[in-house]
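Residue numbers (my numbering), protein chains in the order written: chain V, 1 to 361; chain H, 362 to 722. The beta-carbon is built from N, C-alpha and C at its ideal position, and this holds for glycine as well. None of the values given here were measured: they were computed from a predicted structure. The structure appears right after this line, and notes come after that.
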């Protein structure tokens with residue numbers, strides 16, 4: 001019986017069923033006597049693990065045939081460099097929408113390789129909101145436009161996607177991929193580090209439309225060349241085999257639970273419960289984001305009396321509710337409600353907030 | 362009872378004791394309820410895992426204080442790009458010794474970022490041998506000189522290290538790190554992908570002298586900037602947490618077995634047994650490398666009658682001896698004898714070779 005809940009922004013908790021399956025399958029000896037930890041990654045056993053994970057993800061997201069699915073080593077920050085290195089081609093510049101902490105980091109890194117047009121600027125004024133799509137300024141001749149649909153640190157999300165015309169839309173969906181259905185065809189490239197909704201740290205999924213692989217990438221490291229990785233089925237460099245195996249188990253689990261529509265329903269319900277409790281606290285707790293921009297996966301909130309932040313974190317940890325501290329750039333509180341967080345975890349947090357209010361209010 | 366042996370060039374088998382420990386510890390719930398798969402990598406629990414692994418490796422190799430130990434995502438091919446990107450600085454060129462397949466791949470990748478002087482050229486003539494150190498041509502003004510002390514695919518090793526004077530020596534020690542004591546102070550930088558002697562796929566260890574971090578690296582991706590990774594203790598990007606935990610367990614196991622001197626003794630004995638059996642086969646089996654250049658960890662050999670290669674691989678697999686196929690570039694046979702390979706595995710292979718000879722000779 002799990003009486004602890006992990007509200008960290010990542011790595012997230014894993015469903016108990018996935019942990020149990022991992023414990024059984026990762027240590028099982030295959031025909032060649034090897035466990036998943038020891039299989040040659042050029043061999044049949046790992047090849048089957050890789051193919052199954054890819055097929056399952058393609059199925060879950062209804063990824064069109066003209067998109068490649070890559071499982072690459074490292075986290076999203078590595079893709080902050082690899083996206084411009086792979087996609088810039090002969091274009092003069094790239095466009096980025098600034099919507100907070102992580103898109104700003106993506107912009108800084110892209111600026112080392114290309115001229116960046118900031119298509120929309122985050123103001124950071126309260127209530128927090130992603131920049132309005134109507135104000136986007138998007139030059140025709142940029143190689144792509146980059147968006148961060150969910151800002152993990154700021155706790156805000158775009159209510160809708162921009163229309164970028166012929167400019168390929170590139171998205172860092174690290175914290176929201178597989179939390180809801182997504183129309184892949186609207187994007188040129190999607191990337192997501194695995195440790196939130198897709199398993200464990202050390203792997204990033206890249207989904208890329210095949211025509212974007214044709215652009216020259218003279219200085220991209222071979223290990224990060226999307227074209228080479230697509231041609232070699234993510235094995236152009238040593239793949240993160242265990243992270244890929246775990247991602248496959250997460251994909252299976254999501255499918256068994258009812259797929260992305262079900263994840264979306266559950267996610268909306270969990271987020272509504274928590275935001276409603278914050279809003280109903282009479283100002284004792286408060287959420288800084290405008291309602292329509294509130295992230296359903298990273299609920300950022302705070303205590304009106306900031307002197308109570310540390311006591312609340314300690315109080316909740318004693319009740320088995322862990323890692324509620326806000327991002328270091330902002331302080332306050334944050335509850336991340338990824339797919340593996342059960343509704344009981346959210347209800348336990350709400351009960352804890354009520355009890356804390358009674359004791360300290 | 363393990364009756365199968367994994368002779369793959371990587372990932373290698375893991376010691377049974379390490380697998381058992383992983384099964385127990387990776388799934389144990391910590392104070393916050395999280396398993397190793399779920400711990401925040403900025404948190405205390407993973408911080409302790411990281412610090413222990415680093416301290417143990419420093420101890421095993423007697424790494425001097427002025428060297429940083431980094432645990433980075435990805436494999437050695439990624440470092441083929443990152444070494445020149447991090448170390449080129451303002452130098453006009455870099456020097457590489459060509460000793461076979463993997464050093465040639467390192468040279469090709471470095472050539473995309475810098476002018477490469479090939480300090481020594483591999484001839485590939487039989488008997489196979491690394492280029493003699495006496496013939497090395499090493500310009501004073503190169504940023505570093507790169508060597509691959511053990512060529513995993515070719516099955517050859519340098520019998521001694523070159524004297525590069527003031528030029529920092531950089532080595533890809535992927536297949537030989539921790540198989541013998543090594544004088545770290547002779548190197549400016551060492552790197553090794555983990556899946557041979559240090560655990561599982563998806564992580565590379567970099568050991569780098571701190572003065573080499575001062576060189577400017579204008580285009581190195583932030584996630585691969587050694588300076589940033591040193592400053593942030595390998596967490597400048599999402600670290601491969603499980604691979605780091607496994608590496609720590611491998612370091613502990615090596616220490617418990619008696620450390621690098623013991624690994625060296627065992628390795629020499631295993632290699633001598635196998636090469637002696639090959640040499641004593643009356644030419645039925647043969648090793649293409651000159652005796653003094655024979656790799657102790659990657660024993661490349663072949664059947665005089667190459668039509669027997671496939672039947673031998675099948676025959677040995679039926680006896681639980683797996684992954685003896687040679688590197689795809691060369692064909693033939695290869696038995697990798699990393700630290701986790703017990704002497705019984707080598708004896709089983711020798712017995713299998715003798716039986717096969719009786720049946721097919």
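DSSP places residue 176/V outside both helix and strand once states are collapsed to three, so it counts as coil. Under the criterion of beta carbons closer than 8 angstroms, residue 421/H and residue 539/H qualify as touching, at roughly 7 angstroms. Closest by C-alpha distance to residue 366/H, out of 4/V, 34/V and 3/V, is 34/V.
Using a Cβ-Cβ cut-off of 8 angstroms, residue 562/H counts as an interface residue toward chain V, since at least one Cβ of chain V sits closer than that to its own.
In this structure the segment 451–459 of chain H lies against the segment 467–480 of chain H, because at least three pairs of beta carbons, one per stretch, are closer than 8 angstroms.
Taken through DSSP and simplified to helix, strand or coil, residue 324/V comes out as coil. The beta-carbon of residue 642/H is placed no less than 8 angstroms from the nearest beta-carbon of chain V. Annotation for residue 585/H: no beta strand (DSSP E) segment contains it, and DSSP assigns it neither H nor E.
Fewer than three Cβ pairs drawn from the segment 22–29 of chain V and the segment 341–355 of chain V lie within less than 8 angstroms of each other, which leaves the two stretches out of contact. With respect to the 8 angstroms criterion, residue 36/V and residue 251/V are not classified as neighbours on the basis of their beta carbons.
Setting aside the 5 residues that flank it on each side, residue 569/H is surrounded in the same chain by 429, 550 and 587, each with a C-beta closer than 6 angstroms to its C-beta; the list follows chain order. Look at residue 315/V here: in three-state DSSP terms it is helix. Contact with chain V is absent for residue 637/H, since none of that chain's Cβ atoms lies less than 8 angstroms from the residue's Cβ.
With its beta carbon at least 8 angstroms from every one in chain H, residue 88/V lies outside the interface. Looking at the DSSP output, residue 6/V sits in a beta bridge with 322/V.
With the rule of 3 Cβ pairs closer than 8 angstroms, the segment 465–473 of chain H does not count as touching the segment 596–616 of chain H.
Residues of chain H whose Cβ lies closer than 9 angstroms to the Cβ of residue 323/V are, in chain order, 393, 395, 401 and 404. With a threshold of 16 other beta carbon atoms within 10 Å, residue 302/V meets it and is buried. Residue burial is scored here from C-beta neighbours: residue 114/V has at least 16 other C-beta atoms within 10 angstroms and is therefore classed as buried. Around residue 693/H, the same chain offers 663 and 687 as residues with beta carbons nearer than 6 angstroms, after the five sequence neighbours per side are excluded. The beta carbons of residue 518/H and residue 630/H sit about 16 angstroms from each other, so the pair does not count as a contact at 8 angstroms. Under the 8 angstroms Cβ criterion, the segment 676–687 of chain H does not count as touching the segment 642–657 of chain H, having fewer than three qualifying pairs. DSSP lists no bridge partner for residue 251/V. For residue 182/V, the nearest beta carbon of chain H is not closer than 8 angstroms to its own beta carbon. The count of Cβ pairs closer than 8 angstroms, one atom from the segment 41–53 of chain V and one from the segment 147–162 of chain V, stays below three, leaving the stretches out of contact. Here residue 109/V carries a helix assignment [DSSP, helix/strand/coil]. Going by C-alpha positions, residue 275/V is about 26 angstroms away from residue 16/V.
Chain H places no beta carbon closer than 8 angstroms to that of residue 117/V, leaving this residue out of the contacts. Rounded to whole angstroms, the gap between the alpha carbons of residue 472/H and residue 508/H is 15 angstroms. Nearest CB-CB separation between residue 430/H and chain V: not below the 8 angstroms threshold. Within the segment 222–253 of chain V, the residues whose Cβ lies closer than 8 angstroms to any Cβ of chain H are, in chain order, 222, 223, 224, 236, 237, 238, 239, 240, 241, 242, 243 and 246.
Within the same chain, Cβ atoms closer than 6 angstroms to the Cβ of residue 443/H are found at 585, the five residues on either side in sequence being excluded.
Residue contact with chain H for residue 78/V: present (Cβ-Cβ distance below 8 angstroms to some residue of chain H). When the beta-carbon positions are compared, residue 596/H and residue 402/H come within less than 8 angstroms of each other.
Interface flag for residue 693/H against chain V is unset, since no Cβ pair is found closer than 8 angstroms. Excluding five sequence positions before and after residue 542/H, the CB atoms of its chain that fall closer than 7 angstroms to its own CB belong to 621, 622 and 625, given in chain order.
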